[in-house]
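Counting from 4, one number per residue, gives the positions in the sequence shown under this note's numbering.
We treat Cβ as the ideally placed atom computed from N, Cα and C, and that holds for glycine.
All remarks here apply to the structure that follows.
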Amino acid sequence: MNLREERKLAHLHYAVALGDAPGGAGWDDIRLINLSVPEVDRKEVSTVYEWWGKRLRLPLLINAMTGGTPLSGEINEALARAAREAGVAMAVGSQQAALDNPAVVHTYTVVRRHNPDGVILANLSARATPEEAARACEMVAADALQLHLNVAQELAMPEGERAFRGLVRNIAAVVQAVAVPVIVKEVGFGLSREAATLLYGAGVRWLDTGGRGGTDFLAIEQERSGVNRPHLRAWGLPGAVSLAEVRQSGLPVRVIASGGIRSALDLARALALGAELAGVAGFFLRLLQQSSWEEVARVIKAWEEELKDVMVMTGCRTLPELRRAPLVVTGETREWLEMRGLNPARYAQR
Ligand SMILES: Cc1cc2nc3c(=O)[nH]c(=O)nc-3n(C[C@H](O)[C@H](O)[C@H](O)COP(=O)(O)O)c2cc1C
């Protein structure tokens, strides 16, 4: 087994074994407001979301995790079955392994094979060349391409990347070159307003916030390397903070919220804070390891029902209405937004 394969298996193992980052993602700081007289019949509530001309049953993405080893292929197949059954989107993990070694291409294409009509996203590092990006998209007949940013993780890996100059320019070149839309995502350290501005300048129109509080790559890399740097363990913008920063940047970007989303209520909170969809990775991986793809599909369907209940209780019939629903920002998230001049009261008084 080569180093990359070992690393992928270690990521899968530790992501399940270690659980979520301590300190939370801040979603509990987001409080929706109960409306006792909603003027909504539950049967009129729709969570359907159209993405790239395809219909999702709810605005949810099983976020990028894996590929490149036999176990990764099995996991991708299982997640693809769940995504198809539950009517949600799915991203494959970084396809660099398949670009370098054609023998593992099938561990990614299995996703398209099991979900031919679904929304599937390709995934590569933001350092990928335009040519690699085009090949990755073609491999899975991608509806869009995710480029991931993971500076904090690379620095925590003894074998990780150390040269980060030119990333924005590279992303701009990929955006220009590929035929599908490009989504730039973090992997758990959170996009800030400043990052969003730079990425917008590079032509990126979709951002996936990837905030802290869910999958904890610093803990994972610490377990892998044995190098303990406890003072850096809380690094990053929590999920709710990152979403509010990007949304209040004033940029006309569309936003996927992710990082520590673990329930239908978290999904509803993210939508009310202005996300179009939410991405969930570690939670579904753990669920799959504990049970089966059928259980993952069942839980997603239960989220759909719960999201509808939350929409009734907030008086919303449609997703655009939920995105305008008033909410109160409390705790550390409120403090952060105030210090950044982002006016959390704006959400409470709309
Ligand atoms: C085992 C594992 C592997 C991952 N590999 C990738 C990857 O290859 N590419 C990527 O963009 N993100 C990767 N991620 C990050 C997720 O897509 C997501 O951004 C992050 O886990 C935060 O979401 P969560 O808190 O719901 O897990 C991986 C996550 C996990 C758990």
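Check                                                                                                                                                             : Outcome
What would DSSP say about E162, mapped onto helix, strand or coil?                                                                                                : coil
From the DSSP output, read off the bridge partner residues of D23.                                                                                                : T218
Given P241, which residues of its chain have a CB within under 6 Å of its CB, disregarding the five upstream and five downstream residues?                        : A28, G29, G214, R215 and G216
Who's in the neighbourhood of ligand 1, going by beta-carbon under 6 Å from any heavy atom, listed in chain order?                                                : H14, L15, A18, N66, A67, M68, T69, G96, S97, N126, Q149, H151, K188, V190, G191, G213, G217, T218, S261, G262, G263, I264, V283, A284, G285, F286 and L288
Span of the alpha helix (DSSP H) holding K304?                                                                                                                    : W296 to M316
Could you check where the beta strand (DSSP E) with S261 kicks off and where it finishes?                                                                         : R257 to S261
Please list, in chain order, all residues of the same chain as A328 whose beta carbon is under 7 Å from its beta carbon, the five residues on each side excluded. : L35, A275, T317 and C319
Compare the Cα-Cα distances from F286 to each of I264, L268, L270 and R337 and report the closest residue.                                                        : I264
R7: which of N37, S75 and K46 sits nearest, CA to CA?                                                                                                             : S75
Thinking C-beta only, is A86 closer than 8 Å to N126?                                                                                                             : no
Can you tell me where the beta strand (DSSP E) holding V283 begins and where it ends?                                                                             : L280 to V283
What does the Cβ neighbour count give for T69, buried or exposed, with the cut at 16 atoms within 10 Å?                                                           : buried
Starting from the Cα of V190, find the closest Cα among L21, L322 and A129 and give me that residue.                                                              : A129
Just reading off the beta strand (DSSP E) that E53 is part of, what are its end residues?                                                                         : Y52 to W54
Using the beta-carbon count (16 or more within 10 Å), is A18 buried or exposed?                                                                                   : buried
Compute the beta-carbon to beta-carbon distance between P133 and A101, rounded to the nearest angstrom, for a pair I have assumed lies under 8 Å.                 : P133 to A101, Cβ: 17 Å. No contact.
Tell me the DSSP bridge mates of K188?                                                                                                                            : H151 and D211
In this structure, how does DSSP classify L64 when only helix, strand and coil are distinguished?                                                                 : strand
For the 8 Å Cβ check, are there 3 or more pairs between the region 218 to 230 and the region 196 to 208?                                                          : no
Skipping 5 residues on each side, what residues in its chain have a beta carbon closer than 7 Å to that of R138?                                                  : L102
Shortest alpha-carbon distance to M160 belongs to which of E308, L345, H14 and T110?                                                                              : H14
Do the region 57 to 65 and the region 297 to 310 make contact, defined as three or more Cβ pairs closer than 8 Å?                                                 : yes
Buried or exposed for G56, going by 16 or more other Cβ atoms inside 10 Å?                                                                                        : exposed
Indicate the three-state DSSP secondary structure (helix, strand or coil) for M93 in the structure shown.                                                         : strand
Throw me the rounded Cβ distance for the A145 and V183 pair, which I believe falls under 8 Å.                                                                     : 6 Å
Thinking C-beta only, is G239 closer than 8 Å to A180?                                                                                                            : no
Would you say S195 and E157 are within 8 Å of each other, going by their C-beta atoms?                                                                            : no
Work out the CA separation of V256 and G96 for me, nearest whole Å.                                                                                               : 24 Å
Measuring CA to CA, which of G90, S252, E279 and L170 is closest to K304?                                                                                         : G90
Buried or exposed: where does Q293 fall if 16 or more other Cβ atoms within 10 Å of its Cβ makes it buried?                                                       : exposed
Consult DSSP for T74 and reduce its assignment to one of helix, strand or coil.                                                                                   : Inspection of the sequence shows that residue 74 is occupied by Leu rather than by Thr. It is helical.
Specify the secondary structure class of A106 as computed by DSSP and reduced to three states.                                                                    : helix
Tell me the rounded alpha-carbon separation between E298 and L290.                                                                                                : 8 Å
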